[in-house]
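These notes concern the structure reproduced below.
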Amino acid sequence: MRARDLRIETLLEVDPREGVRFAGERALILDAVAMGMLRKQLVEMLGLAGARAVLTRFGFAHGWRMAEALRTGYRWSSEAEWQMAGGLLHTLQGLIRIRPGEDNPLAPRGATVEYSYEAEQHLLHLGRAEAPSCWTQCGFASGYMSRAAGRPIYVLEDRCVARGDAACHFAGRTLEEWGSQLEEHLPYFQGEVLDASLHQVASALKRTERKLRERTRALEQAVGEPEGPGGLVARSPGMRRVVDLTQRAARSEATVLIIGESGTGKERVARLVHEESARAGGPLVAISCAALTESLLEAELFGHARGAFTGATHERVGLLEAAAGGTLFLDEMGEMPPGMQAKLLRALQEREVRRVGENTNRPIDVRVVAATNRPLAEEVAAGRFRKDLYYRLRVVELTVPPLRERREDILPLARVFLVDAARQLGRAAPGLEAEVADQLQRYDWPGNVRELRNAMERVVALSRGERVELEDLPEDVRAALPVPALTGEVRTLEAVEREYILAVLTHNGGNRTRTSQELGIGATTLYRKLKSYERETRRRKR
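Under numbering that gives the first Met the number 0, the first residue of the sequence shown carries the number 0, and numbering increases by one thereafter.
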């Protein structure tokens with residue numbers, strides 16, 4: 000059989016029990032998008048150089064094995080026959096489509112490829128490339144040609160659709176024929192770049208692991224016990240309930256709606272949903288629905304085609320596609336414009352998206368976790384949020400309590416933030432004086448956990464000793480009055496009244512007239528109580 004007579008039906012064998020064979024060898028059927036996702040993961044883990052090395056060497060092995068398989072069944076003596084067969088095999092496997100008459104990379108004008116699955120997938124998952132990116136194709140052609148010719152041949156790409164060129168173009172030469180032009184590309188075939196990339200990754204992982212261990216030890220020493228799941232501090236009953244519900248919800252594929260005031264840690268809860276789920280190996284992609292206009296938000300979520308609007312110079316994958324196999328976190332969901340609400344609802348129901356400027360739908364595989372500081376039930380009643388989307392999002396609803404309702408968490412959180420801030424400044428974390436700890440628990444923390452973190456960063460920056468003093472705290476925290484919360488032993492009403500009156504007096508700088516007015520009691524009554532407090536204090540000192 001001549002090489003030009005090769006047909007897919009003669010090469011492909013399908014057996015219901017044995018599976019698939021191609022050219023007599025066991026083969027696999029792989030989805031092109033899955034290969035594109037693998038490319039994206041490799042780039043994220045190893046960088047462009049490392050990913051190119053992996054895919055080039057994989058392609059080389061694939062091409063070499065294909066030539067090996069053909070040599071057992073076909074006895075072509077002409078090198079031209081082997082070259083023609085290589086391009087045809089590439090096409091039959093769905094990897095490329097070669098321009099007729101320009102199918103030999105060893106010819107002076109090289110081979111022109113009108114379609115490359117690899118360039119398509121690079122654009123889909125990574126956007127436009129700065130350099131030719133059909134790394135697997137170069138490896139395949141090099142491995143195939145080298146085995147068929149019996150001498151090393153290297154195929155390089157100088158034009159690529161992924162870079163914006165009209166077509167992909169390949170040329171093949173021996174080491175001697177390439178000369179100095181091959182120097183920068185040769186390491187990708189020989190593994191030097193891959194070895195260097197893996198060494199860098201291993202070193203980075205070791206550094207990260209070491210830092211995590213150091214941070215964990217420091218936190219355990221400062222707080223007295225390790226953080227909870229996902230780094231959440233949950234001593235209060237309300238927060239422990241949130242963590243328990245989060246872990247149970249994570250085990251399902253249900254959409255999750257997280258409600259809570261600004262700064263309560265909703266994104267941390269969303270991260271825990273992702274990390275405890277079966278999608279933990281996939282990406283966690285986050286976007287704020289309040290940060291973009293409706294048109295930009297649509298393009299970010301759904302993607303867009305090239306030329307869809309002014310400035311769309313290349314096609315772009317939307318976040319609903321980019322988060323494939325993982326989780327998409329929609330923060331500030333209550334700010335989403337009504338028009339986008341309808342489009343998002345359809346995407347969630349149909350499990351597919353349509354990019355801006357296109358007329359075809361694309362399937363998506365993503366779990367959505369949304370968060371809002373707005374009471375969405377009230378927004379629905381007022382007609383500002385779609386009822387059907389609200390119920391679609393709140394399959395599981397998690398309410399994160401504000402910090403003022405979880406006062407048992409204030410001091411553990413403060414100590415965690417002190418350790419973090421001190422570590423960033425390269426110094427030891429200061430301790431908390433008893434009166435400072437009391438003052439932290441008295442304050443209402445309207446900014447919640449975020450405000451507490453900022454306050455502790457300020458404390459570390461301003462503290463002059465090994466202990467945090469009252470003057471190191473922000474002014475509004477220092478001025479906080481006692482709050483009627485049960486944080487320790489039960490005290491008598493008389494003791495609580497005494498503490499509160501003295502605190503208001505201190506707040507007013509010792510001004511008794513103003514203090515009596517604010518407390519709603521007469522000046523004489525206040526004077527009498529203060530005298531009794533003084534006598535009690537003297538009696539205790541005796």
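Every residue, glycine too, gets a C-beta built ideally from N, C-alpha and C.
When the Cα of residue i is compared with those of the options, which residue comes out closest?
i           : options               : result
residue 232 : 278, 492, 139 and 411 : 411
residue 258 : 139, 524 and 267      : 267
residue 261 : 59, 400 and 66        : 400
residue 165 : 126, 112, 318 and 148 : 112
residue 360 : 304, 311 and 106      : 304
residue 496 : 477, 473, 467 and 528 : 528
residue 429 : 466, 133, 444 and 92  : 466
residue 96  : 167, 26 and 48        : 167
residue 346 : 379, 310, 302 and 91  : 302
residue 116 : 449, 66 and 135       : 135
residue 357 : 298, 408 and 107      : 298
residue 391 : 252, 147 and 235      : 252
residue 322 : 63, 280, 47 and 353   : 280
residue 143 : 127, 287, 55 and 230  : 55
residue 450 : 310, 263 and 373      : 263
residue 67  : 98, 101 and 147       : 147
residue 63  : 270, 501, 517 and 145 : 145
residue 94  : 395, 182, 58 and 101  : 58
residue 114 : 517, 290 and 91       : 91
residue 51  : 254, 185, 476 and 26  : 185
residue 104 : 128, 343 and 138      : 138
residue 156 : 87, 183 and 175       : 183
Could you check if residue i is buried or exposed, using at least 16 other CB atoms within 10 Å of its CB as the buried criterion?
i           : result
residue 60  : exposed
residue 179 : exposed
residue 189 : exposed
residue 28  : exposed
residue 371 : buried
residue 408 : buried
residue 45  : buried
residue 223 : Caution is warranted here: a pLDDT of 49 is assigned to residue 223, below 50, making its placement in the model unreliable, and no coordinate value can be reported.
residue 511 : exposed
residue 269 : buried
residue 15  : exposed
residue 277 : exposed
Starting from the C-beta of residue i, find all residues in its chain whose C-beta is less than 6 Å away, skip the five residues before and the five after it, and write them out in chain order.
i           : result
residue 535 : none
residue 393 : 256
residue 489 : none
residue 416 : 452 and 455
residue 246 : 275
residue 300 : 317, 318 and 319
residue 282 : 322 and 325
residue 542 : Past the edges of the chain, shown from 0 to 541, lies residue 542, and the structure says nothing about it.
residue 379 : 386 and 389
residue 230 : none
residue 396 : 256
residue 307 : 355 and 356
residue 473 : 454
residue 336 : 293
My assumption, with CB atoms under 8 Å, is that residue i sits in contact with residue j. Please give the rounded CB distance.
i           : j           : result
residue 413 : residue 459 : The Cβ separation is near 11 Å, so there is no contact.
residue 398 : residue 366 : That belief does not hold up - the Cβ atoms of residue 398 and residue 366 are roughly 20 Å apart, past 8 Å.
residue 385 : residue 340 : 5 Å
residue 383 : residue 444 : At roughly 28 Å, the Cβ-Cβ gap does not stay under 8 Å, so residue 383 and residue 444 are not in contact.
residue 288 : residue 330 : 7 Å
residue 140 : residue 171 : 6 Å
residue 338 : residue 373 : Their Cβ separation, rounded to whole angstroms, is 18 Å, which puts residue 338 and residue 373 out of contact at 8 Å.
residue 132 : residue 158 : Not a contact, Cβ separation roughly 11 Å.
Within its chain, find whatever has a CB closer than 7 Å to the CB of residue i; leave out the 5 residues flanking it on each side and keep chain order.
i           : result
residue 579 : Outside the displayed range of the chain (0 to 541) lies residue 579, so it cannot be described from this structure.
residue 123 : 35 and 316
residue 39  : 124 and 125
residue 177 : 153
residue 548 : A question about residue 548 goes unanswered here, because the residues of the chain that appear run from 0 up to 541.
residue 514 : 503, 504, 507 and 525
residue 109 : 168, 169 and 170
residue 523 : none
By Cβ distance, which residues of its chain are closer than 8 Å to residue i, with the 5 residues on each side in sequence left out?
i           : result
residue 424 : 459 and 460
residue 468 : 432, 435 and 462
residue 291 : 299
residue 376 : 389
residue 101 : 108, 109, 110 and 111
residue 31  : 93, 116, 119 and 120
- Item | Entirely enclosed beta strand (DSSP E) segments - the segment 448–516, minimum 3 residues | none
- Query: At what residue ranges does the segment 388–440 contain a whole run of the alpha helix (DSSP H), taking only runs of 4 or more?
  - Reply: 409–424
- Which residue spans inside the segment 278–339 form an unbroken beta strand (DSSP E) run of at least 3? 283–287 and 326–330
- Task: Taking only runs that begin and end inside the segment 340–385, name each unbroken beta strand (DSSP E) of 3 or more residues, in chain order.
- Result: 366–371
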